[in-house]
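Student:
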Amino acid sequence: MHSSQTSASKGIPIDDVRIQGSALRKKYPKPKDVDLAVFVDDTVFNNYLKKAFKGKIKLDGKVVDISNMSDNNLLKLAEDIVNNRKSYNGKADTFRKMFIDKKISSKKTNNINVVNNFREIRINIANKYKHLNIEDISIQTEQGKLNLKPDLKLNSYE
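Counting in the working numbering, the sequence shown tops out at residue 168, every number present.
1. Can you tell me which of the three DSSP states residue 149 falls into?
2. Nearest-angstrom Cα distance between residue 141 and residue 164?
3. For a test of the three-state rule: what should DSSP assign to residue 92, helix, strand or coil?
4. When the Cα of residue 107 is compared with those of 117, 91 and 96, which residue comes out closest?
5. Give a yes or no on whether the minimum CB-CB distance between residue 76 and chain B is below 9 angstroms.
6. Using the DSSP secondary-structure output, state which residues sit across from residue 28 in a beta bridge.
7. Which of the three DSSP states is assigned to residue 61 in this structure?
8. Taking 9 angstroms as the threshold (C-beta atoms), are residue 153 and residue 26 in contact?
9. Determine the direct distance from the alpha carbon of residue 70 to that of residue 149, and round the result to whole angstroms.
10. Who are the near neighbours of residue 56 in its chain, counting only those whose CB is closer than 7 angstroms to its CB and skipping five residues on each side?
11. State buried or exposed for residue 116, treating a residue as buried only when at least 16 other CB atoms are found within 10 Å of its CB.
12. Would you check if the distance between the CB atom of residue 151 and the CB atom of residue 63 is smaller than 9 angstroms?
13. Looking at C-alpha atoms only, which residue of 110, 74, 111 and 113 is the closest neighbour of residue 98?
14. Please return the same chain residues whose Cβ sits closer than 6 angstroms to the Cβ of residue 147, not counting the five positions on each side in sequence.
15. Are the beta-carbon atoms belonging to residue 66 and residue 101 less than 9 angstroms from one another?
16. If you drop the 5 nearest sequence neighbours on each side, which residues of the same chain put their C-beta closer than 6 angstroms to that of residue 113?
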């Protein structure tokens, strides 16, 4: 999937938006909260991470340039962070978790703003639809650990 539509020029693809989580698995008529997931392909996802973590991942105090890394090299980096955690900074571990889980949350994560104003976008949507109690919006891939079923795909409207 290559993103053809973006949310009100915010840079977030809206071609594949789904409701996920307990809202669809609970037996109760009214869910406690709603989690939204924006699904993107691996290239789009990895580009978000490359942009967000550019100049922020450090190995033994030296910046690791990820801007031109292939998907395979990003995977090798994530694996190296797991194996040599003490040699990397905290932001490297945040990158590793996002890369391995294939999920970027709108919640604050180690002061990394992966998508411009992502937290504020969630807050604005939550305020607009207060009755839904929107807990989180995530950007993730089909292969991610948190691609939870069942899910409900939403039609995109501007």
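Quick reminder that beta carbons are idealized off the backbone N, C-alpha and C, glycines included.
Tutor: Let me lay it out:
1. By one-based count along the sequence shown, residue 149 stands at place 139. In the structure shown, residue 149 sits in a strand (DSSP, three-state: E or B).
2. The residue given as residue 141 occupies position 131 in the sequence shown. The residue given as residue 164 occupies position 154 in the sequence shown. Roughly 17 angstroms between the two C-alpha positions.
3. By 1-based counting over the sequence shown, the position of residue 92 is 82. Helix, per DSSP.
4. What you label residue 107 is simply residue 97 of the sequence shown in a count that begins at 1. Checked all of 117, 91 and 96; the closest Cα to residue 107 is 91.
5. You won't find chain B in this structure, because it holds only one protein chain.
6. In the sequence shown, counting from the first residue as 1, residue 28 sits at position 18. Partner(s): 47 and 163.
7. In the sequence shown, counting from the first residue as 1, residue 61 sits at position 51. In this structure, residue 61 counts as helix in the three-state DSSP scheme.
8. One-based indexing of the sequence shown puts residue 26 at position 16. One-based indexing of the sequence shown puts residue 153 at position 143. In this structure, residue 153 does not lie closer than 9 angstroms to residue 26 by Cβ.
9. Here residue 149 is taken as the residue at index 139 of the sequence shown, counted from 1. Here residue 70 is taken as the residue at index 60 of the sequence shown, counted from 1. The straight-line gap from Cα to Cα measures roughly 30 angstroms.
10. On the sequence shown, position 46 is the one that residue 56 refers to. Closer than 7 angstroms at Cβ, skipping near neighbours: 81 and 84.
11. By 1-based counting over the sequence shown, the position of residue 116 is 106. Buried, because 16 or more other Cβ atoms sit within 10 Å of the Cβ of residue 116.
12. On the sequence shown, position 141 is the one that residue 151 refers to. On the sequence shown, position 53 is the one that residue 63 refers to. No. Outside cutoff.
13. Your numbering for residue 98 matches position 88 in the sequence shown. Closest option to residue 98, Cα to Cα, is 74.
14. Counted from its first residue, the sequence shown places residue 147 at position 137. Answer for residue 147: 46, 116 and 132, listed in chain order.
15. Walking along the sequence shown from the start, residue 66 turns up at place 56. Walking along the sequence shown from the start, residue 101 turns up at place 91. Yes.
16. By 1-based counting over the sequence shown, the position of residue 113 is 103. Correct list, in chain order: 148, 150, 154 and 156.
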